[in-house]
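Reminder that position 27 of the sequence shown reads as 27 in this note's numbering, one-by-one numbering, no gaps.
All C-beta atoms in this analysis are idealised placements derived from N, C-alpha and C, irrespective of residue type, glycine included.
Heads up, the thing below is written out as structure tokens.
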Amino acid sequence: EPPTHAPTNLKELGVHYVMIVLGILTALGLEAGFEALHHRKLARQTIEQVEVELRTNLGEARQTLKQNRQSMEQLNGVYAEARKLVEQGQAKPAALYTLLTEKLRISVSMPGLRRDAWDTALADQALIHMPVKDLRRLSEAYTAQRDAQQSIQMTFGSVSSLSRLTDATVDAEFGRGDPVDLIKALHSYRLTLSAVISVETELEKQLAQSLGETTAPSH
Numbered sequence: 001e002p003p004t005h006a007p008t009n010l011k012e013l014g015v016h017y018v019m020i021v022l023g024i025l026t027a028l029g030l031e032a033g034f035e036a037l038h039h040r041k042l043a044r045q046t047i048e049q050v051e052v053e054l055r056t057n058l059g060e061a062r063q064t065l066k067q068n069r070q071s072m073e074q075l076n077g078v079y080a081e082a083r084k085l086v087e088q089g090q091a092k093p094a095a096l097y098t099l100l101t102e103k104l105r106i107s108v109s110m111p112g113l114r115r116d117a118w119d120t121a122l123a124d125q126a127l128i129h130m131p132v133k134d135l136r137r138l139s140e141a142y143t144a145q146r147d148a149q150q151s152i153q154m155t156f157g158s159v160s161s162l163s164r165l166t167d168a169t170v171d172a173e174f175g176r177g178d179p180v181d182l183i184k185a186l187h188s189y190r191l192t193l194s195a196v197i198s199v200e201t202e203l204e205k206q207l208a209q210s211l212g213e214t215t216a217p218s219h
């Protein structure tokens, strides 16, 4: 209550002063408490949104990894057959063309790695309210995504295996081309696909670790 009269002595002045100070401190404490609750709620919501995004990315990484491993298995079979034809002296263009077109699917699958939730958290500064442990594990996941994308881009930038294999297939179709060149193109394609599989395996491992999930068994 406001004083009914001006303080007449030091005791009354002290009482009024303490009441005013306690009122201000209480108001500041309540404001800080509400703001802390808001920040914790914001951090919790951000963690949930980021984890949903990362789980989606993990699912895509596992799916593309599975597809690439299947392609590698198929490629290894074609490579072995092509070598056998060459070693037996039966590597005629027609036989090679039939082998490539009927048994080989040229494909390298890459996951679409989203980062919208993470970018939003950066923009609205929600990350500064996140517990350090959670911030570290989620940051490591997005760093792994960036590194994986860069590694795959570098792999395709430095190796022209897909174009070489396409050229070899076209040559075989028209009855031209060297069987050994085809073997080299297949081997180059194997190296490219193997590099992509290796990158995606590490990505899947890091995303699963950041989310506290078990890494899918390799095939």
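Query                                                                                                                : Result
Proximity below 7 Å, CB of T169 to CB of P111                                                                        : no
Among Q153, Q149 and S188, nearest to T166 - alpha-carbon criterion                                                  : S188
Range of the contiguous alpha helix (DSSP H) that encloses S188                                                      : P179 to S210
Neighbour-count burial assignment, N57, 16 or more Cβ in a 10 Å radius                                               : buried
Close beta carbons around I197, own chain, < 6 Å, minus the five adjacent residues each side                         : N68
The region 71 to 84 / the region 97 to 106 touching (three or more Cβ pairs under 8 Å)                               : yes
Close beta carbons around D181, own chain, < 7 Å, minus the five adjacent residues each side                         : A168
Closest by C-alpha distance to A61, when choosing among E73, G212 and Q145                                           : Q145
Residue span of the alpha helix (DSSP H) that contains K103, given as start and end                                  : P93 to K103
Distance CB(L203)-CB(A148) smaller than 7 Å                                                                          : yes
Own chain partners of L127 with C-beta closer than 8 Å, once the 5 adjacent residues on each side are dropped        : T46, A121 and L135
Buried/exposed call for T143, threshold 16 Cβ in 10 Å                                                                : exposed
Residues of its chain near E81, where Cβ-Cβ distance is below 7 Å and the 5 sequence neighbours each way are ignored : L99
Sequence-distant residues of the same chain with beta carbon closer than 6 Å to A91, five excluded per side          : L85 and P179
N- and C-terminal bounds of the alpha helix (DSSP H) containing D124                                                 : Premise fails: D124 is in no alpha helix (DSSP H) and is neither H nor E.
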